[in-house]
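For the record, in the sequence shown the residue sitting at position 377 is 377 according to UniProt numbering, with numbers rising by one throughout. Working notes, structure below.
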Amino acid sequence: MEKAVLLHLICGVLAVLGVYVVKADDPYRYYTWTVTYGTLSPLGVPQQVILINGQFPGPRLDVVTNDNIILNLINKLDQPFLLTWNGIKQRKNSWQDGVLGTNCPIPPNSNYTYKFQTKDQIGSYTYFPSTQLHRAAGGYGGLNIYERPRIPIPFPNPDGDFTLLIGDWYKSNHKALQQSLDSGKSLPFPEGVLINGQATTTFNGDQGKTYMFRISNVGLSTSINFRIQGHSLKLVEVEGSHTLQNTYDSLDVHVGQSVAVLVTLNQPPKDYYIVASTRFTRRVLNATAVLHYSNSHTPVSGPLPAGPTFEIHWSVKQARTYRWNLTASAARPNPQGSFHYGKITPTKTIVLANSASLINGKQRYAVNGVSYINPDTPLKLADHFQIPGVFSENSIQNLPSGGPASISSSVMPASLHDFVEIVFQNDERTIQSWHLDGYDFWVVGYGFGKWTPQSRSRYNLVDALTRHTAQVYPNSWTTILVALDNQGMWNLRSAIWERQYLGQQFYLRVWNPVHSLANEYDIPSNVLLCGKAVGKHP
C-alpha cells in the first residue's frame with residue numbers, strides 16, 4: 001500500500017513537472033502557404049498579381065514574441081521565389097533570411113519550410129518577395145509581433161488593431177518591369193498608390209474608442225505621408241521600439257519602414273478620409289481609405305486633408321522628434337535604455353556612398369563604387385562549404401573609392417561583437433532608404449551636405465530609436481550605430497527595389513572563427529542547394 005501511495009505521489013510530481021516544462025517552452029506556430037498568380041484590378045485595370053493562399057496582400061502573421069514559426073512555402077509560380085522577413089532579426093540564423101545571398105530560391109512546383117523564432121521582438125513588421133521584381137506584383141503582407149501577457153506595454157491596450165500596407169504601384173506586369181531594368185532603363189514614375197492592395201478600403205470603429213494603426217510602406221520606390229482627416233496620430237512604436245508618445249497631424253513613412261500610431265475616435269460621428277500621398281515627387285499620387293464611425297450616417301466629404309509638399313526640412317525635423325521611450329519594457333521585461341549605446345566607442349567607422357552609374361552602357365547603382373551582382377551560389381553556402389571563387393572579402397572598401405564603378409559580388413568583413421558606426425552618405429538629389437537584415441540599429445543623426453568627424457557633435461547619444469530601415473535625405477547623410485552581435489551573412493541594401501536590383505547592396509559577413517552554437521545555428525537539414533553547392537552534404 002505504501003509503495004502504491006509513493007508511486008502515486010511520484011507520478012503526480014512528474015505530471016506537474018511535465019506541465020511546467022511544456023508551459024516553459026516557447027510556442028510553435030505552423031503555416032502552409034501556397035504562392036500562385038491571380039488576376040486582379042488594383043488600379044482598375046486587370047493585371048497579374050502574386051497571391052499567397054489566394055490573398056492579395058498575403059495573410060497577416062499575428063504572433064507573440066519568442067514564438068517559433070514553421071512555415072512551409074509552396075511555389076506554384078513559373079519562376080524561383082523567396083520571401084524575406086523584413087525586420088525579423090533571425091538570431092544566429094541567417095540561414096532563414098530569405099534573400100539570394102543566403103538562400104537558394106525555391107524552384108517552381110517545389111517547396112521550402114522556413115523555421116525561425118521571433119526572438120525578443122515586439123512590434124510592426126512585414127514580409128515580401130526578395131527575388132527578381134516579384135515585389136512589384138504583390139506577395140507581401142503584415143507581420144505583427146505582440147507582447148507576452150507578463151510584459152507591460154506603455155499604453156492601454158487599444159480597442160482594435162488595423163494593419164495598413166501602403167505602397168506605390170504599377171499597372172505593368174512585373175516581368176515587363178524587370179525587362180526594362182535589365183535593358184538598362186530606369187522604372188517609370190508609379191501609376192498609383194494602394195492601401196492593402198486596393199484603391200479604396202474602409203476601417204470601422206466606435207466613437208470614443210482608441211485604435212492602433214500599423215502603417216508600413218511596402219512600395220518599390222516612393223516615400224509616403226500618412227494622415228487621417230480631423231484626427232491626431234499618437235506615435236507609440238517604430239519597428240519594435242516604443243517611442244515617446246508625441247502627437248502628429250501626419251507622418252512620413254519611407255520605403256521599407258513601419259510605424260504604429262494610436263487614433264482616438266473623438267470627433268462627431270461621420271466618415272473621415274484616410275490619405276496616403278507620395279512625398280518628394282513632382283506629381284503627387286494620393287490613395288484614400290475611409291475611417292467609418294459605427295454610428296455614422298454621413299459619408300466622407302470635403303477636400304482631402306492637406307499634407308506636406310516637397311518640404312525636406314519638414315521631414316528631417318519630424319524624424320528628429322522620434323525618440324526612444326527609455327522607461328518602457330521591450331520584448332523582454334527590462335528597460336529599453338539599460339544598454340547605453342552612447343557610451344560605447346565604435347570599433348570602426350564605415351562610410352557608404354550610393355551612386356548611379358552607367359556600366360557597359362546600362363544603368364546600375366553602386367555602393368562605394370561597387371555594384372553588386374548575385375552569383376549562382378548563395379554567399380552563405382559558399383562560405384559554409386568553403387567554395388572558392390564566389391566572393392571576395394576585399395571586393396568593397398569601408399570608405400568611398402571615388403573611382404569608376406565596377407561589378408562584383410561584394411562582401412565586407414566584420415568581427416562578431418564589433419560596435420560599428422555606419423554613415424550613409426547620399427550625394428544624389430533623390431531620397432534613399434537603407435535596410436540591414438539581422439539587426440536593428442540606433443539612428444543617431446541626420447545632416448545636410450557632407451559628413452565629417454565633426455558631425456558627431458550633433459548625434460543623439462541618449463534616446464535615439466532603434467529600427468531596421470533608415471532614410472537618407474537628398475544631398476545629406478544619416479548615421480547609425482549597430483552592435484554586431486548576430487553572426488551570419490547579412491544583406492545591407494537599398495530598400496528602393498530598383499536600386500537594390502541593379503546593385504545598391506552588399507553583404508556584411510559577421511564572423512567569429514570559433515564554431516559554437518551560442519554564436520550561430522548549424523546549417524538546416526532541409527537546406528536548398530544550388531550553383532556550386534549542388535551535391536554537397538549539409
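Even for Gly, the Cβ is constructed at its ideal location relative to N, Cα and C. Keep in mind the model is a prediction, meaning the values are calculated, not measured.
Three-state secondary structure assigned by DSSP to residue i
i, result
"F506", "strand"
"L177", "helix"
"residue 584", "Nothing about residue 584 can be read from this structure; the chain reaches only from 1 to 538."
"L379", "helix"
"K532", "helix"
"K23", "The pLDDT assigned to K23 is 40, lower than 50, so where the model puts this residue is not dependable; a value taken from the coordinates is nonetheless given after this. Reduced to three states, the DSSP call for K23 is helix."
"R429", "coil"
"S94", "helix"
"A287", "strand"
"H292", "strand"
"residue 539", "Absent from the structure is residue 539, since the part of the chain shown begins at 1 and ends at 538."
"V5", "Because V5 sits at a pLDDT of 37, beneath the cut-off of 50, its placement in the model cannot be relied upon, and the following sentence gives the value as read from the coordinates. Correct three-state label for V5: helix."
"Y127", "strand"
"Y140", "coil"
"S457", "helix"
"G438", "coil"
"K348", "strand"
"N519", "coil"
"G205", "strand"
"F391", "coil"
"F56", "coil"
When the options are compared against residue i, the one with the closest alpha-carbon
i, options, result
"P378", "G449, I52, Q96", "Q96"
"I122", "L529, G87, V367, D485", "G87"
"S186", "G142, E498, L83", "E498"
"V284", "S250, E191, A328", "E191"
"Y140", "L194, N103, L244, Q245", "L194"
"P303", "Y273, A289, N53, R320", "Y273"
"G101", "C530, E311, H537, G535", "C530"
"K270", "N246, H254, A287, P299", "P299"
"P153", "L326, Y322, K209, S294", "The sequence shown places Ile at residue 153, rather than the Pro named in the question. Minimum Cα distance to I153 is reached at L326."
"Q90", "N66, Y112, F81, L73", "N66"
"W324", "F385, S241, P188, I344", "S241"
"G402", "K380, M412, N354", "N354"
"G197", "G208, K171, P188", "K171"
"P346", "G256, D252, L484, D437", "L484"
"G488", "T32, V45, V99", "V99"
"A176", "D376, V443, Y30, V49", "V49"
Supposed close pair residue i, residue j - CB separation, criterion 8 Å
i, j, result
"S357", "S371", "7 Å"
"Q425", "P400", "7 Å"
"A260", "M212", "6 Å"
"I407", "I359", "6 Å"
"T84", "Y125", "T84 to Y125, Cβ: 11 Å. No contact."
"E421", "T479", "7 Å"
Residue i, enclosing beta strand (DSSP E) - first and last residue
i, result
"Y31", "28-40"
"V49", "47-52"
"S315", "From DSSP, S315 is part of no beta strand (DSSP E) but of the alpha helix (DSSP H) over 312-320."
"R214", "210-217"
"L61", "61-64"
"P413", "411-415"
"residue 546", "Residue 546 cannot be examined here, being either before or after the span of the chain that is shown, 1 to 538."
"A483", "476-483"
"Y372", "370-372"
"S183", "Neither: S183 is in no beta strand (DSSP E) and is coded neither H nor E."
"L165", "160-169"
"T84", "83-86"
"W490", "488-494"
"I74", "68-75"
"S406", "406-408"
Endpoints, alpha helix (DSSP H) assigned at residue i
i, result
"D271", "From DSSP, D271 is part of no alpha helix (DSSP H) but of the beta strand (DSSP E) over 271-278."
"Q117", "Where Q117 is concerned, there is no enclosing alpha helix (DSSP H), although the beta strand (DSSP E) it sits in stretches over 110-117."
"Y501", "497-501"
**OP:** Note down, one range per segment and in chain order, each alpha helix (DSSP H) of at least 4 residues found wholly within the stretch 221-284.
**Re:** none
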